[in-house]
Amino acid sequence: MEPVLLGAVTILALLEQAYFSLQVIYARRKYKVSPPNTSGPPEFERVFRAQVNCSEYFPLFITALWTSGIFLHQGLSCVCGLLYLYGRLQYFWGYAASSQGRLAPLYFCAKALWALIGCSSVGVVLSFCRMYLKVDLLQITASA
Amino acid sequence: MEPVLLGAVTILALLEQAYFSLQVIYARRKYKVSPPNTSGPPEFERVFRAQVNCSEYFPLFITALWTSGIFLHQGLSCVCGLLYLYGRLQYFWGYAASSQGRLAPLYFCAKALWALIGCSSVGVVLSFCRMYLKVDLLQITASA
Amino acid sequence: MEPVLLGAVTILALLEQAYFSLQVIYARRKYKVSPPNTSGPPEFERVFRAQVNCSEYFPLFITALWTSGIFLHQGLSCVCGLLYLYGRLQYFWGYAASSQGRLAPLYFCAKALWALIGCSSVGVVLSFCRMYLKVDLLQITASA
Ligand SMILES: N[C@@H](CCC(=O)N[C@@H](CS)C(=O)NCC(=O)O)C(=O)O
Ligand SMILES: N[C@@H](CCC(=O)N[C@@H](CS)C(=O)NCC(=O)O)C(=O)O
Ligand SMILES: N[C@@H](CCC(=O)N[C@@H](CS)C(=O)NCC(=O)O)C(=O)O
Numbered sequence: 001m002e003p004v005l006l007g008a009v010t011i012l013a014l015l016e017q018a019y020f021s022l023q024v025i026y027a028r029r030k031y032k033v034s035p036p037n038t039s040g041p042p043e044f045e046r047v048f049r050a051q052v053n054c055s056e057y058f059p060l061f062i063t064a065l066w067t068s069g070i071f072l073h074q075g076l077s078c079v080c081g082l083l084y085l086y087g088r089l090q091y092f093w094g095y096a097a098s099s100q101g102r103l104a105p106l107y108f109c110a111k112a113l114w115a116l117i118g119c120s121s122v123g124v125v126l127s128f129c130r131m132y133l134k135v136d137l138l139q140i141t142a143s144a
Numbered sequence: 145m146e147p148v149l150l151g152a153v154t155i156l157a158l159l160e161q162a163y164f165s166l167q168v169i170y171a172r173r174k175y176k177v178s179p180p181n182t183s184g185p186p187e188f189e190r191v192f193r194a195q196v197n198c199s200e201y202f203p204l205f206i207t208a209l210w211t212s213g214i215f216l217h218q219g220l221s222c223v224c225g226l227l228y229l230y231g232r233l234q235y236f237w238g239y240a241a242s243s244q245g246r247l248a249p250l251y252f253c254a255k256a257l258w259a260l261i262g263c264s265s266v267g268v269v270l271s272f273c274r275m276y277l278k279v280d281l282l283q284i285t286a287s288a
Numbered sequence: 289m290e291p292v293l294l295g296a297v298t299i300l301a302l303l304e305q306a307y308f309s310l311q312v313i314y315a316r317r318k319y320k321v322s323p324p325n326t327s328g329p330p331e332f333e334r335v336f337r338a339q340v341n342c343s344e345y346f347p348l349f350i351t352a353l354w355t356s357g358i359f360l361h362q363g364l365s366c367v368c369g370l371l372y373l374y375g376r377l378q379y380f381w382g383y384a385a386s387s388q389g390r391l392a393p394l395y396f397c398a399k400a401l402w403a404l405i406g407c408s409s410v411g412v413v414l415s416f417c418r419m420y421l422k423v424d425l426l427q428i429t430a431s432a
């Protein structure tokens with residue numbers, strides 16, 4: 001398997017994070033909040049925190065995306081990954097508009113991330129059984 | 145080598161981070177600190193900072209775990225990785241209880257992380273010698 | 289391809305982040321800013337924010353480095369990676385000295401990171417054409 005699709009989703013994720021960073025830079029200019037300051041009007045703080053929150057989850061997302069894609073199924077992981085990235089965009093815009101606006105997209109993202117973690121776990125268990133126990137659970141299930 | 149064990153430790157790390165995030169969400173409710181705010185009573189701030197600190201080191205940890213596991217030895221990396229994750233749990237609970245409580249587990253985590261970085265370095269140097277200098281340092285050491 | 293050079297740059301990146309963390313710990317002692325506090329004199333806040341900013345971009349950097357190195361060219365990615373790491377060191381020192389001092393190195397780092405994202409994209413498109421469309425764009429370009 002060449003992980004081309006995982007690579008494509010990864011690049012989208014990088015572009016999304018770059019976009020969030022640029023929004024913080026514009027908000028710093030607009031609301032005159034110069035580094036190292038991070039507090040200012042609520043409008044600024046929401047954009048600032050939205051980017052921080054997305055950055056915090058970015059490594060979790062990339063890790064789950066690739067673990068799930070390598071151990072279980074590339075296409076399935078990429079679908080969950082695209083949903084997550086779509087949700088994060090909504091989260092960022094929603095949070096920038098109002099604190100309340102971040103909630104619905106956050107639940108959506110959480111579901112997509114849990115799906116990736118779930119797929120990763122299934123993939124790792126299947127691989128473990130195949131490698132160390134010489135048992136192919138998929139084949140057993142199929143022939144049952 | 146199929147990196148099944150690295151995958152398993154990675155999933156544990158993801159679950160641990162998810163647990164930390166949930167604790168911050170509960171603490172936000174308990175101490176009534178609504179986003180985008182991040183300051184509140186010290187009890188809240190310690191939980192909040194504990195999660196931030198763990199998130200900050202998560203990418204370093206995953207990177208060192210896999211570099212060490214791929215270039216040197218999967219099992220050894222996973223042992224260091226499990227120690228690190230155990231230390232981080234203690235760090236989170238210790239920091240939530242008191243600022244002082246974070247210190248002992250932090251030193252423990254730092255040691256586990258340095259071990260992973262050390263293993264990574266040894267692994268990369270060995271691979272470099274094998275690939276580019278056509279010298280197998282392990283074999284030379286063994287026959288010496 | 290064994291990704292030895294990517295591994296070497298990755299270890300350098302880990303060491304750099306460890307160095308930044310240690311600087312924050314020293315600054316906390318020097319300016320007496322005990323956790324969970326994060327505000328203090330501007331000298332402290334600049335060191336603190338410099339490390340936060342570098343940590344925020346670390347996962348983006350590692351992700352772009354490896355995507356570019358695996359899908360396009362290991363050596364080229366490592367050169368961009370080394371430039372990025374050099375720029376981050378200048379960023380950290382510049383930001384620690386004055387807010388203004390962070391700007392020039394930041395633009396430099398941004399360019400190195402965009403180069404990595406650009407290389408990743410080219411690599412993924414080439415691989416996609418090769419795998420799914422059975423078209424080797426490199427060969428077509430070479431024979432044109
Ligand atoms: N978290 C960053 C995101 C955007 C960014 O990378 N900004 C650059 C240019 S203003 C920076 O150096 N920020 C300083 C900082 O993060 O303290 C921020 O708050 O500014
Ligand atoms: N760092 C996060 C960790 C937990 C989390 O992801 N919280 C969600 C739901 S309360 C959020 O949207 N936080 C807003 C923020 O991080 O500013 C926090 O401080 O809240
Ligand atoms: N972001 C960290 C970087 C350095 C670090 O890891 N410090 C340790 C020892 S002082 C810590 O536990 N920091 C507490 C915190 O991050 O809230 C900091 O602000 O301190």
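Chains as they are written, first to last, in the numbering used here: chain A, 1 to 144; chain B, 145 to 288; chain C, 289 to 432.
Glycine included, every Cβ here is placed at the ideal spot set by N, Cα and C.
Keep in mind the model is a prediction, meaning the values are calculated, not measured.
query                                                                                                                                                         : result
Note down, in chain order, every chain C residue with its Cβ under 8 Å from the Cβ of R193(B).                                                                : P323, P324, T326
Between K422(C) and E45(A), what straight-line distance do the alpha-carbon atoms span, to the nearest angstrom?                                              : 49 Å
Just to make sure I have the definition right: I need the residues of chain B whose C-beta is within less than 8 Å of the C-beta of Q305(C). Which are they?  : L204
Take S271(B) as the anchor and find which of L282(B), I261(B), G262(B) has the nearest alpha-carbon.                                                          : L282(B)
Per the contact definition of three or more C-beta pairs closer than 8 Å, is the region 94-102 of chain A in contact with the region 116-126 of chain A?      : no
Quick one: list the residues of chain D neighbouring I405(C), beta-carbon separation under 9 Å, in chain order.                                               : Looking for chain D here will not work: the only protein chains present are A, B and C.
Select from the region 221-252 of chain B all residues with a C-beta closer than 9 Å to any C-beta belonging to chain C, and list them in chain order.        : Y239, S243, R246
Tell me which residues share the same chain as R208(B) and place their Cβ nearer than 7 Å to its Cβ, disregarding the 5 neighbours each side in the sequence. : According to the sequence shown, residue 208(B) is Ala rather than Arg. Correct list, in chain order: L257, L260, I261, S264.
Tell me the DSSP secondary structure of A288(B) in three-state form.                                                                                          : coil
Helix or strand or just coil, what does DSSP make of L39(A)?                                                                                                  : Correcting the residue type first, residue 39(A) is Ser in the shown sequence and not Leu. Of the three classes helix, strand and coil, the one that applies to S39(A) here is coil, per DSSP.
Just to make sure I have the definition right: I need the residues of chain C whose C-beta is within less than 9 Å of the C-beta of M275(B). Which are they?  : E290, V292
Based on Cα-Cα distance, which residue from G81(A), A104(A), E56(A), I140(A) lies nearest to W66(A)?                                                          : G81(A)
If you compare alpha carbons, which of Q195(B), L150(B), V148(B), A157(B) is closest to Y170(B)?                                                              : Q195(B)
Under 8 Å between C-beta atoms, does S408(C) make it to chain B?                                                                                              : no
Under a three-way DSSP split, which group does M289(C) fall into?                                                                                             : coil
Alpha carbon to alpha carbon, how far is P105(A) from P179(B)? Give it in angstroms, no decimals.                                                             : 15 Å
Should T141(A) be flagged as near chain B, meaning a C-beta pair shorter than 8 Å?                                                                            : no
Is it buried or exposed for I140(A), if we count other Cβ within 10 angstroms and need 16 for buried?                                                         : exposed
My understanding is that V4(A) touches V367(C), with C-beta atoms under 8 Å, so please give their C-beta distance in whole angstroms.                         : 24 Å between Cβ atoms; not a contact.
State yes or no: is the C-beta of L14(A) within less than 8 Å of the C-beta of S77(A)?                                                                        : no
Could you tell me which chain C residues have their CB closer than 8 Å to the CB of S271(B), listed as they occur along the chain?                            : E290, V292, G295
At a CB-CB cut-off below 7 Å, which residues of chain A make contact with V412(C)?                                                                            : V4, G7, A8, I11
If you measure from the beta carbon of S178(A) to each beta carbon in chain C, is any gap under 8 Å?                                                          : Residue 178(A) lies beyond the stretch modelled for chain A, which goes from 1 to 144, so this question has no answer here.
Answer with yes or no whether the minimum CB distance from A171(B) to chain C is below 8 Å.                                                                   : no
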